[in-house]
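Numbering of the sequence shown is given in our numbering, commencing with residue 66 and proceeding in unit increments. Below you'll find the structure, written out as structure tokens, and then a few comments.
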Amino acid sequence: MLMQPAEVAARPALIDNIRAAARNMQVSGIVEAMKHGFGRQGLIPLWAGEGDLPTPDFICDAATRSLKAGETFYTWQRGIPELRAALANYHAQHYGVAPDPERFYVVASGMQAIVMAFALTIGEGDEVVIPTPCWPNAGAAADAAAARPVFVPMTPGENGFTLDLDRLARAITPRTRVLFINTPGNPTGWTATREELRAILALARKHGLWIVADEVYHRFYYGDAPRAPSFHDVMAPDDRILFVNTFSKNWAMTGWRIGWIEADPSLGQVIENLIQASTSGVAVFMQRAAVVALERGEGFVAHQIERARRGRDIVAKLKDTGRVRLVPPMGAFYQLLAIDGEPDSRALCFRLIDEANIGMAPGTAFGPGAEAYLRLCFARSPESLTYAVERLTAWLKR
């Protein structure tokens, strides 16, 4: 028998009976902008953290072969041996570390890697210190764990954003358990030097903290070296560092949802248990594709990086308008920009979707210090970025 409207209204709201940590999670400002602009004819979408190239055929073909071979069953919780070995070899090549497959654990995306790293290190009432502006999902993952994200605003300047290490140190309290360090950073492009990494590591050692090192954009680096500086360059074997990474960016695999954790082998059984309790492992066909990405994908990665470098230069031309403030980033593939006279980035973001047919993400999505900025992803074709610059320039002249 159907309940009458009055009876329905009298029932306790279901949402009042779920965990406050889940109920109080904020709506993603990035997703909010995307939903506002989805489906608009001719819109240039520069809001999401991904490029416009599809996954290359040689990677997709490996997945197809695996499916046709009937690899559709449960598999190794930590990842198939071939992929863990390929990850070890990849790190040996790019970071000069010993190729130890026991350090690598395959998970369902870089985001899950962060969630699992927090599951290993924080609980209710603990604190995670996060330099900001930052990718909002890191703080959201801390919230979901009933921990408290503590944001440390970076300082904008003529050379981009910088991290005040004294300010970072002052943010540490007896409840702090983790320093979450994303370098090169999303959305700022901030890229820590080796000296800064040593200083951050010294803080972690002094206070007995874990570092969750998000080095997703390490290959997208615009300095003289082939990659950005890494905690691998300065750490000792017994340092409390968990590396989180993903196949999404380097190999254009955002929709595949496959990533990895790098951690000391002594944590292996605990990480395996967490994988079992969440996804019970990543599909084999996806892992076969990831192996091929690592073993055959260097040419594609180089192409992506060079394409992003060109995109960075195209977007920098917005400075010529006289109203756009920006500093080309040292790493990642995002440009934070501010428009004079437009302090409300959320409202501005929606206006640019409606009036200029350009989709960007509002700075309000990225925490303290980003409120006046827009984030533009320049991992796109030169043509679409040129059109975007032309459209924004014309809009500014209106």
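The beta carbon of each residue, even a glycine, is placed where N, CA and C say it ideally should be. Values in this document were obtained by computation on a predicted structure and should not be read as measured data.
For Leu307, the beta-bridge partners assigned by DSSP are Val277. Gln400 sits buried, since 16 or more C-beta atoms from the chains shown fall within 10 Å of its C-beta. For Gln352, the closest C-alpha among the options Asp385, Phe312, Lys382 is that of Phe312. DSSP places Leu439 in the strand class (E or B) of the three-state scheme. One thing to note: Pro394 has its Cβ within 8 Å of the Cβ of Thr253. Burial check for Arg445: the Cβ neighbour count within 10 Å reaches 16 or more, so the residue is buried.
In the structure shown, Pro239 falls within a coil segment according to DSSP collapsed to helix, strand and coil. For Ala397 and Gly273, the gap between their C-alpha atoms comes out near 29 Å.
With respect to the C-alpha of Pro291, the residue from Asp208, Ile370, Asp126 having the closest C-alpha is Ile370.
Across the set Thr241, Asn224, Gly222, the C-alpha of Thr241 shows the shortest separation from the C-alpha of Gly190. Under the three-state reduction of DSSP, Val454 is assigned to helix. Just measuring C-alpha positions, the residue of Val380, Ala257, Ala293, Gln334 sitting nearest Leu185 is Gln334.
Partner residues in the beta bridge of Leu402, as assigned by DSSP, are Leu391, Leu439. DSSP lists Ile326 as the bridge partner or partners of Tyr170. Under the Cβ criterion (8 Å, minimum of three pairs), the segment 149-169 does not count as touching the segment 189-206. Our two residues, Asp231 and Phe415, have alpha carbons roughly 37 Å apart in a direct line. Taking the C-beta atoms as reference points, Ala421 is found no nearer than 8 Å to Arg440. For Arg213, the enclosing beta strand (DSSP E) covers residues 213-218. Assignment of Leu108 by DSSP, reduced to helix, strand and coil, places it in the coil class.
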